[in-house]
Amino acid sequence: MNIGEDTNKGDKYRQAGEWIEKASQIVVIPHHNPDGDAIGSALGVFNLLTKYGKQAHIISPNDFPEFLDWLPGRQEVIIASRNRALAQTLISNADLLIMTDFNCPTRIKGIKTWVLKSNAKKILIDHHPEPKDFADLVFSDTSVSSTAELLYEFFVGTGLESYVNHDVAACLYTGIMTDTGSFSYNSSNPRTFEVVGALLKQGINKDKIHSMVFNNFSACRMQLLGYCLHKKFVVLPEFNTGYISITLDELKLFDFQPGDTEGFVNYPLSVKGIIFSAIFIEKKDQVKVSFRSKGNFAANLFSEKHFSGGGHRNAAGGECDLDMEGCLKRFTELLPQYQKELEESEDL
Ligand code: 5GP
Ligand code: MN
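Per our numbering, the sequence shown starts with residue 1, numbered consecutively.
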């Protein structure tokens, strides 16, 4: 049952608290290609549990971007794609798994089977719609800004709030800040700022955190962005849509590093009238797609239906097994059937 619908929140928190108390081997898991909210939340739990005196590990399915490579506890993150045997052993031996910022086991890619097979109790903390049934306790609320905000409530509910120290606060703040585009969307609920206020009381430097995340790019990344906007940005005014595509060769030209294309998908939405935006990034064996939308247009449903993906209404992602040309053809040929929705979706 989801926490948003649940009248017995207290029981669930009590149960979660008990499992944490009893656990001797806890593993914390964010989703594949972790973003600031996934890894910030996972490191937030990890740091808190460590402070609480628990034996905990954090396992990320793959690498996290360099702009997050300053988060407290980052050296402890075990990257499963590079340490498969260790990751498998830790997951198999765990008696409690705490999973952050995903609603479906496919989001953890290579470690999915180990997690599903594990006999450990599983707690899921997430803010994506309609979580699949793969955890024993689900704390899910789509109305919150971020998993990090929900995690703060989890700490309050389980009585662990007093262990939120400077390091935990820095991780949670990063999750909230990145998932709200620095408080430019999904952040109109006063509670978000109450939580931020509590985090600031731990002495974190929010201006510095902002700068470390957003002013820490390589020159190549900025040049790649310039190239994409100048050469690869296509506007389809008849569908209020804009998109960018990048091939592997182009990425190579700009010495691509993981995380470099983070945020590119938002740029088309800065154009007047554009309410749906997509970016197509060629990977070795598929094309990774990200979608953003404004107003009612459900990017997650579009992604789920046509690109094996999901996410939030205004921020979603998916993938496509066709080559780039085929992928762009699929996308542009789908738009006419959404024309009415795209025309009617209100900007905010
Ligand atoms: P991003 O475009 O920043 O990678 O992801 C935006 C949102 O879509 C995030 O909430 C993320 O969890 C979700 N998302 C991204 N890629 C996928 C995917 O391949 N499958 C699913 N189900 N969700 C995705
Ligand atoms: Mn999130």
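Beta carbons are placed, not taken as given, at the ideal position from N, Cα and C, and that holds for glycine.
Here the structure is a predicted model, which is why all the values come from computation and not from measurement.
For F331, the enclosing alpha helix (DSSP H) begins and ends at 324-334. Per DSSP, H312 has no beta bridge partner at all. Scanning N47, E238, A316, A94 for the CA closest to the CA of Q337 turns up E238. In the DSSP annotation of this structure, the continuous segment of the beta strand (DSSP E) that includes K288 starts and ends at 287-293. The ligand 5GP approaches C104 closely enough that one of its heavy atoms is under 7 Å from the residue's Cβ.
Fewer than three beta-carbon pairs drawn from the stretch 183-190 and the stretch 202-219 are found closer than 8 Å, and the two stretches are therefore not classed as touching. Under the three-state reduction of DSSP output, K121 falls in the strand class. In this structure, D37 has its CB closer than 7 Å to one or more heavy atoms of the ligand MN. Between T241 and N119, the alpha-carbon positions lie close to 46 Å from each other.
H127 carries a coil assignment under DSSP once its states are collapsed to helix, strand and coil. Remark: fewer than three beta-carbon pairs, one from each stretch, lie closer than 8 Å, so the stretch 136-149 and the stretch 63-80 are not flagged as touching. Relative to the ligand 5GP, the nearest heavy atom lies less than 7 Å away from the CB of A315. Y227 has its alpha-carbon roughly 43 Å from the corresponding atom of A135. A distance below 8 Å between beta-carbons, with the five flanking residues on each side excluded, links D133 to no residue of its chain.
Cβ atoms of V287 and L342 stay farther apart than 8 Å, at about 22 Å. Taking C-alpha positions only, L335 is separated from G273 by approximately 16 Å.
Less than 8 Å divides the Cβ of A42 from the Cβ of P30. Buried is the label assigned to P131, since at least 16 other Cβ atoms lie within 10 Å of its Cβ. DSSP lists S290, G310 as the beta-bridge partner residues of G317. Here the distance from the Cβ of S188 to the nearest heavy atom of the ligand 5GP is not below 7 Å. If you draw a straight line from the Cα of F233 to the Cα of F64, it comes to about 26 Å. Exclusion of the five residues before and after E262 leaves P65 as the residues of its chain whose Cβ lies within less than 7 Å of its Cβ.
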